[in-house]
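**Q**
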Amino acid sequence: MVSNKIYVVMGVSGAGKSSVGQALSKSLKLPFYDGDDYHPQANIDKMRQGIPLEDSDRWAWLKNLNLLAKEALKKEGAVMVCSALKEVYRQELSKDFSTECEWIYLKGSYELIMERIQARAGHFMPPELLQSQFNTLEAPKNAIEIDVSAPLSEIIKELEMTFNEKKEFGLFGLGVMGKSLARNLARNGFRIALFNRHLAGVEEGVAKNFKDHFPELKEAAAFDEIAAFVNALGTPRKIMLMVNAGPIVDHVIADLLPFLSKGDILIDGGNSNYKDSKRRLDYLNSQQIQFIGAGVSGGEEGALTGPSIMPGGSKEAYAAIQPYLEAIAAKGEDGKPCCSYIGEEGSGHFVKMVHNGIEYVEMELLAEMYAILTALGKNPTKIASIFESWKSDSNSYLLEITIDILRKKEGDTPLVEKILDVAANKGTGNWTTIATAELGVPSTLIANALFARFTSSFKTQRQKVAAIFEHSPEVQTMEEGDLLKAYHFARIINHYQGFQLISEAAKTYQWNIQLSELARVWTNGCIIKSDLMKKLLPLLKESNDLLDAPTLQNELLLLKPIANKVVAQCILSEIPTSSLSESVNFLNQLKTDRSAANIIQAQRDYFGAHTYKRINDPLQKNYHTIWT
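Under our numbering, the residue at position 376 of the sequence shown is numbered 378, and the numbers go up by one with no gaps.
This is the structure we're talking about:
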């Protein structure tokens with residue numbers, strides 16, 4: 003049974019609070035306090051005269067009960083009875099310990115309770131005041147509701163069952179990811195409550211049907227009504243939202259808020275924009291609700307067997323949900339969960355966004371390797387075998403699934419050859435590109451990979467232009483070993499750019515992000531897990547700038563001439579390889595000590611008087627020239 007809580011039995015006079023409270027304290031083996039015993043004499047005299055108490059009469063009494071409850075919490079908790087008819091009274095009584103307060107509302111009809119009051123003797127509360135109590139009563143939204151017409155023994159039995167059946171974690175939204183996470187939580191032994199909306203003729207009984215379908219969910223509670231779902235959870239409530247990113251998250255929060263209590267925790271596990279997460283965190287803080295924006299990577303299978311989880315927001319809130327998230331997360335080679343507190347505000351969703359940006363590039367690079375090998379006359383089965391041989395040097399989750407894709411056939415034809423060459427996106431690539439522009443960081447490969455998808459969507463235009471430029475030059479001969487080395491070179495540049503973007507964001511937004519810990523979280527469970535990520539982990543422990551590492555410097559020095567050659571051969575063969583080409587162009591620009599940017603700055607000064615700085619001016623003053 004739960005201890006270190008204050009169980010407050012509330013309701014109008016005559017509802018049976020003292021009887022229920024005393025029996026409950028015996029059941030829970032906790033001290034019992036009757037709030038009526040702590041009324042000042044002036045209040046008792048007033049009620050004996052049939053005069054209803056006013057708010058001003060109650061504040062000192064409620065403050066005394068609050069202090070009494072706090073002292074009890076320092077020991078083992080207590081059962082307390084108090085009318086607590088208004089929400090403001092309940093707030094005052096539970097001030098500073100609302101998350102440790104369990105409300106039990108004794109509900110009954112006026113006629114039944116009047117009958118009880120008239121039958122009792124020696125109480126200072128006369129029957130004439132009952133109507134004023136009903137008039138004052140504001141039924142609580144977050145309380146265990148008990149029908150007082152039941153026998154006392156049944157009421158206590160119902161309360162005991164309710165306390166034992168309270169769920170410890172809620173999952174809101176049963177889409178693909180939500181269902182997998184729910185099963186993962188249940189498999190780890192957590193008592194969970196599930197919620198999915200009810201839409202007549204569209205989504206009916208989703209939560210119940212899902213629960214009934216999987217044996218591991220036998221002990222889960224399923225709901226399609228928000229109040230019941232929230233009330234099924236023990237406090238502080240921990241609710242993970244698995245709904246589509248965007249306005250729907252705000253709508254869900256608005257729907258939940260009336261039923262939440264101070265200190266409850268909401269976790270947004272979708273692909274929300276980090277700025278939205280910051281805004282929601284600030285808003286929910288003002289409502290005394292804690293918020294975590296958690297990036298979750300791994301897809302449907304990863305969510306079930308162990309995803310990579312990137313929580314950001316309130317550190318206090320993370321401490322409360324840490325056991326749940328770490329239990330369901332993938333485990334790294336060191337046995338540690340691939341879940342770690344990322345940092346403040348929207349940092350969790352920011353790093354998940356950049357994760358997806360890196361993912362865009364990794365996918366594009368494999369697509370470009372496929373395009374090159376196809377141009378060289380290799381069929382999908384042969385390309386799969388070539389990629390298989392690359393696993394010993396450059397293995398990754400995306401490489402493995404690409405091999406599976408290339409080997410999948412429909413009849414005698416590789417299925418990939420029947421798929422329309424138009425790549426969609428869900429927005430995280432756009433957000434990453436916008437973020438890198440706002441922060442002034444050259445994450446050029448991510449932008450290129452995004453624009454490659456955009457270009458693919460112009461199918462009709464591509465067919466039109468292909469007819470105009472129908473002549474193609476002879477494809478240059480390229481060695482498979484060179485392709486692997488060029489691919490590896492581009493992947494290093496991609497990861498370098500991604501971590502640089504996160505590093506700059508951490509500085510700008512004052513997030514305390516540990517890049518090495520983030521890399522560790524990405525070594526398993528997520529879409530970009532790879533041998534390369536494991537290799538980068540110790541380097542990031544030494545420096546946040548991967549190019550500071552001598553081993554990586556030497557590797558890039560060896561690989562770059564080969565990448566140069568492959569890119570040149572692709573250009574001469576007119577094979578589009580935007581991300582591969584950009585990896586070479588980016589390093590060319592980054593290693594140029596004296597660039598041509600002086601011309602651009604002079605042009606800006608010429609037409610816009612934007613000024614420029616001079617070489618070797620220690621004061622770095624701004625200069626302007628009249629150019630004509």
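Quick reminder that beta carbons are idealized off the backbone N, C-alpha and C, glycines included.
What you are looking at is a predicted structure, and each value in this text was computed from that prediction instead of being measured.
For the beta strand (DSSP E) containing tyrosine 40, list its first residue and its last residue.
**A** Unbroken run through tyrosine 40: none, as it is neither H nor E.
**Q** Go ahead and label valine 204 buried or exposed: buried means 16 or more other beta carbons lie within 10 angstroms of its beta carbon, across all protein chains shown.
**A** The residue is exposed, with fewer than 16 neighbouring Cβ atoms inside 10 Å.
**Q** Can you pull the DSSP bridge partners for glutamate 147?
**A** Partner(s): Tyr107.
**Q** Can you tell me whether DSSP reads phenylalanine 311 as helix, strand or coil?
**A** One point to set straight first is that residue 311 is isoleucine, not phenylalanine, in the sequence displayed. Correct three-state label for isoleucine 311: strand.
**Q** Quick check on DSSP: helix, strand or coil for valine 4?
**A** With a pLDDT of only 38 at valine 4, under 50, the local geometry of the prediction cannot be trusted, and the value read off the model is given with reservation. DSSP places valine 4 in coil when its eight states are reduced to three.
**Q** What runs of the alpha helix (DSSP H), each 4 residues or longer, lie entirely inside the region 228 to 304?
**A** Complete alpha helix (DSSP H) runs here, min 4: 228 to 233, 249 to 258, 276 to 288.
**Q** Taking glutamate 576 as the reference, which of Gln478, Asn514, Val523, Gln43 has the closest Cα?
**A** Taking only the C-alpha atoms, the option nearest glutamate 576 is Gln478.
**Q** Our contact map puts lysine 615 next to glutamine 622 with C-beta atoms below 8 Å; I'd like the distance itself, whole angstroms only.
**A** That pair is a contact at about 5 Å.
**Q** Go through its chain and collect everything with a Cβ distance to isoleucine 407's Cβ below 7 Å, but skip five positions before and after it.
**A** Counting only Cβ-Cβ distances below 7 Å, and skipping sequence neighbours, we find Val418.
**Q** Given that a residue counts as buried once 16 or more other Cβ atoms are within 10 Å of its Cβ, and exposed if not, what is glutamine 290?
**A** Glutamine 290 is exposed by the Cβ-count criterion.
**Q** For phenylalanine 174, does the three-state DSSP call read helix, strand or coil?
**A** Correct three-state label for phenylalanine 174: strand.
**Q** Quick test of your reading: alanine 488 and alanine 565, contact by CB under 8 Å. State the CB separation rounded to the nearest angstrom.
**A** Between alanine 565 and alanine 488 the Cβ distance is about 4 Å, and since that is below 8 Å, they are a contact.
**Q** Ignore the nearest five residues each way along the sequence and tell me which others in serine 5's own chain have a CB closer than 6 Å to its CB.
**A** Here the model assigns serine 5 a pLDDT of 43, short of 50, so the residue's position is not dependable, and the following value carries that caveat. The residues are Glu78, Gly79.
**Q** Determine contact between the region 261 to 269 and the region 233 to 242, defined as no fewer than three beta-carbon pairs at a distance below 8 Å.
**A** With the cut-off at 8 Å, the region 261 to 269 and the region 233 to 242 touch.
**Q** How many angstroms separate the CA atom of phenylalanine 588 from the CA atom of glutamate 206?
**A** Approximately 52 Å between the Cα atoms of the pair.
**Q** Over the uninterrupted beta strand (DSSP E) stretch that includes alanine 223, give me the two end residues.
**A** Where alanine 223 is concerned, the enclosing beta strand (DSSP E) stretches over 223 to 225.
**Q** For my contact list, isoleucine 294 and isoleucine 323 are in at a C-beta cut-off of 8 Å; report their separation, rounded to the angstrom.
**A** Indeed they touch by this definition, with Cβ atoms about 7 Å apart.
**Q** Just to confirm, are arginine 92 and proline 142 a CB contact at a threshold of 8 Å?
**A** Yes, Cβ-Cβ distance for arginine 92 and proline 142 is below 8 Å.
**Q** By DSSP's criteria, tyrosine 112 is part of a beta bridge. Which residues make up the other side?
**A** Paired residue(s): none; tyrosine 112 is not in a bridge.
**Q** Can you check the region 434 to 503 for any beta strand (DSSP E) of at least 3 residues that lies completely inside it and give the ranges in chain order?
**A** Fully enclosed beta strand (DSSP E) runs of 3 or longer: not present.
**Q** Nearest CA to the CA of lysine 159: which residue from Phe389, Lys28, Glu130, Leu327?
**A** The option with the nearest alpha carbon to lysine 159 is Lys28.
**Q** Leaving out five residues before and five after arginine 122 in sequence, what residues of the same chain have Cβ atoms less than 8 Å from its Cβ?
**A** Excluding sequence neighbours, arginine 122 sits near Gly16.
**Q** According to DSSP, is leucine 75 helix, strand or coil?
**A** Leucine 75: helix per DSSP, three-state reduction.
**Q** If we ignore side chains and look at the alpha-carbon of each, how far apart do serine 155 and glycine 248 end up?
**A** The straight-line gap from Cα to Cα measures roughly 49 Å.
**Q** Are the region 512 to 524 and the region 556 to 564 in contact at 8 Å, needing three or more beta carbon pairs?
**A** Not touching, per the Cβ criterion.
**Q** Contact criterion: CB-CB distance below 8 Å. Does proline 54 meet it with respect to chain B?
**A** Any reference to chain B falls outside this structure, which holds one protein chain only.
**Q** What does serine 398 pair with, by DSSP beta-bridge criteria?
**A** Paired residue(s): Ser532.
**Q** Report the start-end ranges of each beta strand (DSSP E) in the region 307 to 389 that is 3 residues or longer and not cut off at the edges.
**A** Runs found: 310 to 315.
**Q** Do isoleucine 495 and leucine 447 count as a contact pair if the criterion is CB distance below 8 Å?
**A** Going by C-beta atoms, leucine 447 is nearer than 8 Å to isoleucine 495.
**Q** Suppose you measure from the CA of threonine 415 to the CA of glycine 304; what does that come to, to the nearest Å?
**A** Those two C-alpha atoms are separated by around 29 Å.
**Q** So is methionine 650 buried or exposed if we call it buried at 16+ other beta carbons inside 10 Å?
**A** A question about residue 650 goes unanswered here, because the residues of the chain that appear run from 3 up to 630.
**Q** Could you spell out the range, first to last residue, of the beta strand (DSSP E) harbouring isoleucine 194?
**A** Note, isoleucine 194: beta strand (DSSP E), 194 to 197.
**Q** Expressed to the nearest angstrom, what Euclidean distance is found between the alpha-carbon atoms of leucine 139 and leucine 259?
**A** When rounded, the distance between both Cα atoms is 21 Å.
**Q** Please determine, among Glu227, Ala234, Gly191, the residue with the shortest C-alpha to C-alpha distance to proline 217.
**A** The candidate whose alpha carbon is nearest that of proline 217 is Gly191.
**Q** Determine, using beta-carbon pairs with one atom in the region 333 to 341 and one in the region 220 to 230, whether at least three such pairs fall under 8 Å.
**A** No, they do not touch.
**Q** What number of angstroms, rounded off, separates the C-alpha of leucine 327 from the C-alpha of isoleucine 311?
**A** If you take the alpha carbons of leucine 327 and isoleucine 311, they lie about 7 Å apart.
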